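Protein chains in written order, with numbering that gives the first Met the number 0: chain H, 0 to 629; chain W, 0 to 629; chain R, 0 to 324; chain D, 0 to 324. Note that the Cβ used here is the ideal one computed from N, Cα and C, for glycine as well. Please read these numbers as outputs of a predicted model, since none were measured by experiment. Below: the structure, in structure tokens.
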Amino acid sequence: MTDQLVREAPAPPKRVTRLAEQIVEIVSDSGEGAQRCGQSFGAIAARSGNGVWTVEIIPAEIQPPARSVAGASGNRIRFASHPVTNGGDDVDLVVAFNEQVLIGRVESGELKPGCTILLESMWRDDRDPLIAKSYADAVASFKEKGFRVLEIPMNKECLKLVPDPRRGKNMFVLGILLSIYSFDLELGREQVARTFGKKDQKIIQTNVTLLEAGYAWAEEHLDFKYEIPAVKATEAMAVMNGNTALALGVLASGMEICAMYPITPATSASHYLSEVFERVGGIVHQAEDEIAACAFAIGASYAGKCAVTITSGPGYSLKQEGIGLAVMAEIPLVVVNVQRGGPSTGQPTKPEQGDLLAAMFGSHGDAPKVVMATSGIEDCFYTMITARKIAETFNTVVVVLSDASLATAQQPFPRPKFSEEWLAPPIDQSEIPAGAKPYDWDPATGLVRRFIPGQPGGMHTVTGLAHDRLSHVAYDGASNEEGLRMRSLKLAALQRTLVTPPVYGAPEGELLVVGWGSTKGAIEEAVDRLRAEGQRVSSLHLQFIQPMPSGIGDIMKRFAKVMTVESNWSDRTDDALIDDENRRYSALAMLLRSRYLVDVDCWSEVRGRPIRPASVVSAMRRKLQEEVKR
Amino acid sequence: MTDQLVREAPAPPKRVTRLAEQIVEIVSDSGEGAQRCGQSFGAIAARSGNGVWTVEIIPAEIQPPARSVAGASGNRIRFASHPVTNGGDDVDLVVAFNEQVLIGRVESGELKPGCTILLESMWRDDRDPLIAKSYADAVASFKEKGFRVLEIPMNKECLKLVPDPRRGKNMFVLGILLSIYSFDLELGREQVARTFGKKDQKIIQTNVTLLEAGYAWAEEHLDFKYEIPAVKATEAMAVMNGNTALALGVLASGMEICAMYPITPATSASHYLSEVFERVGGIVHQAEDEIAACAFAIGASYAGKCAVTITSGPGYSLKQEGIGLAVMAEIPLVVVNVQRGGPSTGQPTKPEQGDLLAAMFGSHGDAPKVVMATSGIEDCFYTMITARKIAETFNTVVVVLSDASLATAQQPFPRPKFSEEWLAPPIDQSEIPAGAKPYDWDPATGLVRRFIPGQPGGMHTVTGLAHDRLSHVAYDGASNEEGLRMRSLKLAALQRTLVTPPVYGAPEGELLVVGWGSTKGAIEEAVDRLRAEGQRVSSLHLQFIQPMPSGIGDIMKRFAKVMTVESNWSDRTDDALIDDENRRYSALAMLLRSRYLVDVDCWSEVRGRPIRPASVVSAMRRKLQEEVKR
Amino acid sequence: MTLELTQCLIRTSEEPHDIADYQTGVPRWCVGCGDNAILTAMQRLCRDNDLAPERTLFMSGIGCSSRLPHYMNTYGFHGTHGRALPFAEGVKMSRPDLDVFVSTGDGDCLSIGAAHWIHALRYNMDLTVILHDNRIYGLTKKQASPTSPIGTKSNTTPKGSYLDALNPLTVSLGVSNVSFVAQVVDWIPEVVYQVISAGYKHKGLSFIRVLQRCPEFMPGYFDPWMSDPQKTQLLRHPAFITPSAEISRTYRNQLEHDPRDLDAARRIASIEDPIPVGILYQNDDVPCYEDTRHASEVRTPAQIRRGLEGELDKFTIWPEGDARA
Amino acid sequence: MTLELTQCLIRTSEEPHDIADYQTGVPRWCVGCGDNAILTAMQRLCRDNDLAPERTLFMSGIGCSSRLPHYMNTYGFHGTHGRALPFAEGVKMSRPDLDVFVSTGDGDCLSIGAAHWIHALRYNMDLTVILHDNRIYGLTKKQASPTSPIGTKSNTTPKGSYLDALNPLTVSLGVSNVSFVAQVVDWIPEVVYQVISAGYKHKGLSFIRVLQRCPEFMPGYFDPWMSDPQKTQLLRHPAFITPSAEISRTYRNQLEHDPRDLDAARRIASIEDPIPVGILYQNDDVPCYEDTRHASEVRTPAQIRRGLEGELDKFTIWPEGDARA
Ligand SMILES: Cc1ncc(C[n+]2csc(CCOP(=O)(O)OP(=O)(O)O)c2C)c(N)n1
Ligand SMILES: Cc1ncc(C[n+]2csc(CCOP(=O)(O)OP(=O)(O)O)c2C)c(N)n1
Ligand code: SF4
Ligand code: SF4
Ligand SMILES: [Mg+2]
Ligand SMILES: [Mg+2]
């Protein structure tokens with residue numbers, strides 16, 4: 000039956016099916032350009048006014064062998080007639096440049112039942128009989144699984160236009176997709192021009208030709224066509240991934256120095272910053288290791304404006320001691336941790352939310368610091384501005400937690416409108432009034448004015464040792480206790496300024512889901528779906544985890560059940576050995592239970608991929624079915 | 000009036016006052032031997048059958064200036080007719096070699112009202128008028144404060160026997176104390192012989208002469224005499240400090256390699272081990288830093304028997320990443336953290352319990368490990384044996400938390416009776432059965448047999464990356480989740496084997512105090528005192544904090560109020576900004592609240608000294624007075 | 000150290016091994032990656048010395064190069080970034096009977112691991128250490144490494160790197176107790192094998208820098224040297240290694256150098272072009288830390304009991320009447 | 000880097016400072032501790048160069064030696080163990096206008112801080128680094144350090160230390176970009192002052208090893224050298240430093256050495272006895288990292304806005320009708 004789909008006869012006008020949203024994936028061997036094809040497609044959808052969320056499909060290795068299951072490289076594009084906040088569930092349509100890269104996607108259950116597969120057909124008659132066979136077998140099994148397989152002679156078609164289709168196939172495929180989803184071909188041409196901007200006209204022309212060929216081919220041979228209605232944006236929108244947004248946030252915050260040591264998935268933020276920072280007088284320093292990067296940033300902050308250091312789990316563990324010094328000496332510092340799968344080296348390219356407790360409690364002794372989490376692309380930008388402000392106002396460390404899923408995901412958001420408020424003020428070099436002390440803590444708030452080298456009369460020696468208000472080494476108990484008290488009070492002072500986060504959904508009901516970080520979109524979509532069914536569920540999402548804003552307890556009281564949804568480990572209650580007295584809860588659940596003495600349950604998943612709305616929905620259903628303990 | 004006390008006439012038989020216990024301190028400039036005097040006195044008391052606890056008074060500097068407040072060096076000896084488990088409260092009698100070292104003790108409120116002061120009187124007519132004056136002023140103010148000051152011509156008396164009294168005064172003082180407390184002078188002579196054992200007879204003789212002179216002087220000139228009844232021990236008792244006990248525990252556990260990097264207050268354990276370990280075929284390796292020390296220990300464990308690394312707070316922070324690898328690869332490892340004041344460099348010589356959360360949660364990602372705490376000197380010895388056993392049975396990391404107060408405190412405990420059970424079995428070098436996998440986790444417990452290099456057929460590569468049962472790098476979600484699940488299950492498996500700790504006091508009542516680590520003695524003494532008054536209070540002390548034994552919730556339910564007593568930071572509820580929604584609780588309180596949803600309060604003190612029974616008593620009184628919230 | 004260890008000194012199988020016995024998995028390095036050449040040399044070395052796989056251990060940190068242990072059918076330890084050496088030292092201390100090889104990258108060893116590198120040379124434990132020096136960070140996708148030539152355009156240095164490359168040879172030769180320093184290039188496999196074998200046979204830490212191609216991120220970087228044999232200078236000495244006849248036919252630029260001469264070694268080490276290839280320094284008289292540290296005591300329960308009781312005696316108060324009281 | 004920084008280039012006070020202006024607190028080192036001599040030299044250097052206390056920064060790690068900043072009436076930074084150099088690099092990058100001095104111990108710099116030491120030499124930022132080398136761990140009460148002579152009895156090596164001492168000079172001279180390496184002994188204050196001054200004036204990182212007495216834990220260790228002037232060899236060169244007349248009267252053993260000669264410097268660095276004292280190596284042409292890295296851009300809000308808007312443009316979708324759409 001698939002064969003009928005690929006028709007030979009000229010095309011009559013097709014019926015166009017309207018859809019609310021679609022999830023499309025394009026996968027190939029790395030180097031075949033599925034990434035670029037996907038990004039372009041996402042951009043075109045966004046330009047057309049669709050809500051869009053793209054997710055990168057990245058092979059864990061640098062140069063995986065061709066035609067390998069683990070080698071799949073590409074993009075997932077979720078686009079809809081409404082705004083999109085996450086990568087969604089299963090794929091509606093997938094384009095694969097060979098059957099192997101597709102197998103991995105099928106096995107990990109990414110495809111929706113009956114999913115449409117557009118598959119490069121060249122392998123069917125490959126010279127190597129093994130390849131030909133594996134292709135045939137794969138196609139057969141795909142069909143068996145009930146997928147709608149369309150074998151497309153991409154190579155053959157492209158050969159008509161270019162000598163080496165490997166380098167052009169992706170644009171041909173882009174053309175096909177534009178046709179299938181009824182996008183304006185002109186937008187495609189513009190996008191090609193944009194992508195190859197720097198290259199010469201010939202290259203652009205060739206790619207446009209391929210694009211048009213793909214479009215024409217689809218118009219002629221495919222008997223289905225969809226349309227996802229869109230409303231063009233009325234304001235300027237920016238489309239970028241989380242790490243780029245984060246880097247731009249650093250630039251916009253007025254920070255001047257970023258010290259880092261390469262580590263996936265954080266490094267791309269520093270890569271981008273390395274390109275643009277110098278233009279505004281900033282510097283990215285690649286240190287010899289994370290310990291040095293952290294110390295470098297602290298030194299820079301101490302003598303000037305607040306600096307930032309960017310890392311991921313393993314690097315964060317190494318910075319623990321340095322962070323403690325900054326807390327103790329009250330030197331502003333922003334530490335970004337783009338979380339990956341852990342523990343240890345874990346899964347470097349995969350998302351996880353496993354570092355929350357390490358961020359809060361990881362440095363020895365009592366080292367109170369601010370911990371914030373970014374919950375979306377736009378958030379990555381603004382959080383950096385807030386973090387810098389808090390770090391300098393409270394002379395403390397602000398840890399910003401992002402993760403691998405935000406790092407590479409793209410989404411349009413209103414283009415930020417620059418404000419000088421965002422910037423750090425010039426560093427104070429004025430004379431220090433006689434008698435003023437470097438740690439003249441305000442007894443109520445623990446706040447103190449920082450003396451910066453260069454300020455006449457402010458000479459003193461900062462130290463990681465317990466110290467008194469003069470910053471003299473203190474061996475007595477009273478000074479030790481005063482310091483601990485003042486450093487901790489600052490968190491309370493900040494906490495008093497935080498507003499209770501809004502409840503998503505009704506203010507009371509059966510079940511409240513609490514989350515933090517990158518899971519926001521999936522959680523709120525799950526809430527929408529269940530509310531649509533009439534379920535009395537809501538959600539709450541935290542940006543500040545330490546300190547935690549007031550009012551959360553009152554909110555939780557208005558729900559019969561509360562659970563967190565997190566992408567970190569929590570013991571499974573269906574394991575025979577696990578009971579209430581030994582279960583290890585997810586991080587936020589543990590914190591909420593401790594603070595509010597409410598029986599907060601948790602559902603967590605650590606499968607190295609973003610949590611999906613559907614998974615949250617079923618976890619919530621299960622929780623709803625549980626009868627209440629009390 | 001003090002003058003009358005020092006009588007000139009020959010002594011009639013004195014009235015001997017019987018006392019239940021006494022706290023004596025001996026302080027001098029460092030180098031004047033107060034330390035040795037105190038230790039000898041403690042040893043004599045112990046030999047006589049008194050319960051004893053000695054605490055070192057250590058100046059924070061290497062060579063503090065003479066006659067300086069911060070320079071006080073010496074010993075506190077608490078001895079009683081009953082067993083003693085902590086340093087107690089205020090001092091009953093203090094011997095000071097100059098008034099300056101005493102001032103610090105007075106200011107930090109160590110002296111009991113009316114405390115007896117035996118003060119070297121030579122300074123009164125010092126050539127330097129400033130010194131003479133400061134002495135006179137000090138004596139005056141001491142008397143004003145109501146202390147009973149006895150000025151004693153120690154120097155003058157010793158000069159009759161030795162050319163340089165600085166080197167003998169301490170034995171003269173020891174003699175005085177033996178007389179005051181009616182100890183057997185012969186025991187004193189033996190003790191001198193023991194202390195100077197290696198030195199030649201002449202030295203011993205001189206010191207014995209000084210001892211006898213002091214004794215005679217006191218008999219003649221002091222008109223008071225005390226006796227603390229004692230029952231001689233019927234079994235062999237060992238007297239040592241916590242770090243020595245810990246080092247002997249390492250030796251007795253069958254561990255072979257200790258890798259460390261110097262850090263106060265942990266190092267003395269490694270010092271002692273360096274002296275004795277080689278005799279039993281062990282090795283202490285001083286690495287280039289803590290990261291290397293941890294890696295060295297892990298490498299040694301991986302290829303052979305479980306190894307240990309010993310450190311304190313800052314070093315622990317640096318080991319966080321290495322610890323994560325050991326957890327991930329399931330390599331047995333014992334990590335000892337002798338806690339000191341934090342955060343950062345903090346107060347290196349002072350005790351604190353600030354590293355509990357860093358020990359549990361400090362490494363990025365989910366890195367489940369066992370966390371134990373030692374609560375006494377004897378415990379330091381046996382905990383190391385248990386820790387090694389658990390590490391090798393569960394192939395995981397066991398963190399042992401001690402602190403500066405146990406490190407240097409001495410107490411007699413029944414001499415351990417060696418058992419071969421304590422030792423690690425020979426490492427397995429047998430052939431691995433075909434088909435066995437390096438991570439063949441038992442699905443119920445997560446337990447697995449470790450393959451050790453040298454075992455034929457066991458070849459595999461351990462890695463900190465997510466891995467499957469073959470230890471192959473795993474990029475898929477299922478393997479990642481299985482690994483996390485199995486590593487966490489091991490804690491539950493261990494937890495099921497732990498017994499609920501016994502309640503100290505009645506099984507139910509008004510107030511339950513929960514503690515961990517070095518505060519045990521002080522807490523239980525406080526409970527005793529309040530129960531003696533008829534208060535319905537009890538306490539519970541935890542050796543295992545992760546995992547936590549079952550049954551604690553049930554115990555807490557039987558008390559109207561529960562609070563922890565810890566030596567780490569917790570926000571003070573009397574600070575205006577602090578409320579239920581932002582208060583930062585002490586570590587154990589937070590954990591108990593989270594696990595059992597019980598309103599566990601906390602009282603904590605971080606004054607760089609061991610928590611005292613009296614402080615615990617008053618904290619408990621306050622808590623008892625509070626009306627219950629519910 | 001332990002009695003039972005003597006067990007592992009008894010060979011378990013008698014028939015010699017072949018290359019296949021040391022191979023496992025499919026190397027996942029890029030096509031043309033120099034790591035492949037190193038892997039081959041290692042497997043050949045195991046075969047030719049008929050090493051028992053169960054008593055051979057390949058260790059590493061993190062990086063493309065550090066994947067090597069996964070491809071050796073021996074025991075393997077894939078550690079954390081920069082710490083391969085201290086892990087290996089711990090192993091060697093507890094198990095001197097094992098043959099231990101270490102693979103580390105230029106970032107792994109010379110950047111984050113620099114302190115351990117310096118101190119490992121001091122300890123001089125009997126380890127064969129291979130520095131896979133591709134002069135770039137590979138696994139993390141192209142950032143400048145300490146050995147990146149100045150001006151290297153990378154993702155963190157888009158305008159070109161700012162510092163002259165660190166020379167790991169001159170630094171190593173400045174460390175006391177250094178006992179074996181050599182340099183080879185991955186594209187002359189025979190010499191790679193010769194030198195690594197010499198390093199393996201050397202008692203002490205052999206530090207072997209392999210200039211390694213990274214076609215992915217340093218494409219063509221080594222081409223000038225590969226295309227012109229004159230730009231490679233082979234170090235030769237009758238008492239140590241001498242290039243084979245046909246190697247000498249291609250690589251005519253050779254230098255007679257006595258690896259026992261430290262000053263000469265330092266001078267040669269400073270030369271960047273032509274690339275000196277061979278053993279720069281070798282001193283067989285430097286003691287190994289595991290030997291100077293190793294307890295003479297044979298470790299038995301009885302021994303431990305004696306030791307423990309002996310110590311406890313010092314702290315014991317005997318009950319009255321006890322003779323020892 | 001920032002406009003407002005120019006402020007700090009304006010001197011705030013005009014009358015020259017005297018020693019007392021740079022003194023604060025009572026040094027808590029042991030009697031006879033060599034750190035006192037270093038402190039004195041530092042205070043004299045500040046005075047003689049009339050440094051503004053508020054724009055002078057003394058930094059350190061942890062150790063007895065690292066207490067030095069507490070005794071200088073300037074800004075001070077007493078950091079964490081081993082990390083003094085990266086802290087200082089950060090300062091220098093954000094505030095090139097400050098004079099930054101670093102005090103670090105042999106354990107602080109050569110053991111836990113070894114990686115930072117090697118890389119600091121590479122960065123060659125304009126810092127004056129004093130290695131207080133007492134060849135022991137002082138603050139933690141006597142453990143062997145990397146420079147402890149082999150056989151040193153310490154608390155962790157009761158039978159004597161096991162390794163030959165690390166020579167920080169030969170290692171430093173093996174690092175590319177090294178620009179100033181010197182050695183002095185605390186008991187010849189005049190030369191200490193001369194060399195530290197030269198280091199201060201040198202643009203780039205000056206690494207000055209001061210052999211420092213620790214009467215507490217290495218009593219009498221340096222006596223042989225102190226009692227016999229012949230066991231000290233002063234390095235002299237007309238273009239650099241030459242010992243004063245009366246110093247020369249006591250210290251006759253002198254060597255003409257041109258600090259620009261790296262090979263010679265390395266040879267001299269290897270000599271342990273007599274102790275070479277003076278500048279071993281100096282190269283004024285090595286660029287400083289803060290200069291090569293420093294943004295030419297003057298940093299203003301307007302500049303940041305321009306930069307940000309320019310970048311945002313690349314990611315923007317303009318609404319329909321917008322000219323830029
Ligand atoms: C603590 C820590 N920091 C950073 C990383 C990320 N990382 C992995 S490998 C690597 C460097 C790779 O370069 P190199 O050592 O030269 O090895 P290569 O890949 O070039 O063989 C880095 C920075 C990490 N895994 N752990
Ligand atoms: C992370 C960390 N590890 C260990 C210590 C303990 N410590 C303080 S100073 C020091 C070494 C002191 O020796 P050195 O650097 O030579 O300085 P010195 O005291 O001899 O001047 C050590 C190990 C610490 N403070 N922090
Ligand atoms: S990136 Fe470079 S080093 Fe890594 S595998 Fe590819 S070629 Fe080899
Ligand atoms: S211990 Fe040594 S280094 Fe430290 S202050 Fe005393 S003499 Fe100086
Ligand atoms: Mg590399
Ligand atoms: Mg030192």
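**Item:** According to DSSP, residues forming a beta bridge with D/R304
**Value:** Paired residues: none, contrary to the question.
Does ligand 5 have a heavy atom nearer than 7 Å to the CB of R/Y136?
yes
Is the stretch 495-511 of chain W touching the stretch 57-69 of chain W, taking contact as three or more C-beta pairs under 8 Å?
-> no
Is the beta carbon of R/G382 sitting closer than 8 Å to the one on R/G62?
Since the first residue shown for chain R is 0 and the last is 324, residue 382 of chain R is missing from the structure and cannot be characterised.
query = H/V15: buried (16+ other C-beta within 10 angstroms of its C-beta) or exposed?
reply = exposed
Can you confirm whether R/A143, when its beta carbon is compared against all beta carbons of chain H, has any partner nearer than 8 Å? yes
Review point. Taking Cβ positions only, does D/C7 come closer than 8 Å to chain W?
Key: Its pLDDT being 42, under 50, D/C7 is placed unreliably by the model, and nothing is read from it.
Could you name the residues of the same chain whose beta carbon sits closer than 7 Å to that of H/V249, not counting the 5 residues immediately before and after it, in chain order?
C257, L272, V307 and M383
For H/A95: DSSP bridge partner residues: H/V26 and H/L118
According to DSSP, simplified to helix, strand and coil, what is D/W116? helix
How would you label W/K349, buried or exposed, when you count the other beta carbons within 10 angstroms and need 16 or more for buried?
buried
Original post:
When the Cα atoms are used, what is the spatial distance from W/I376 to R/Q22?
Top reply: 52 Å
| What does a CB cutoff of less than 7 Å around W/L110 pick up in its chain, not counting 5 residues either side in sequence? | D89, V90, V93, R104 and F146
*Continuous beta strand (DSSP E) stretch holding H/E226: start and end*: K224 to E226
Q.
Mapping the DSSP letters down to three states, classify R/V180 as helix, strand or coil.
A. strand
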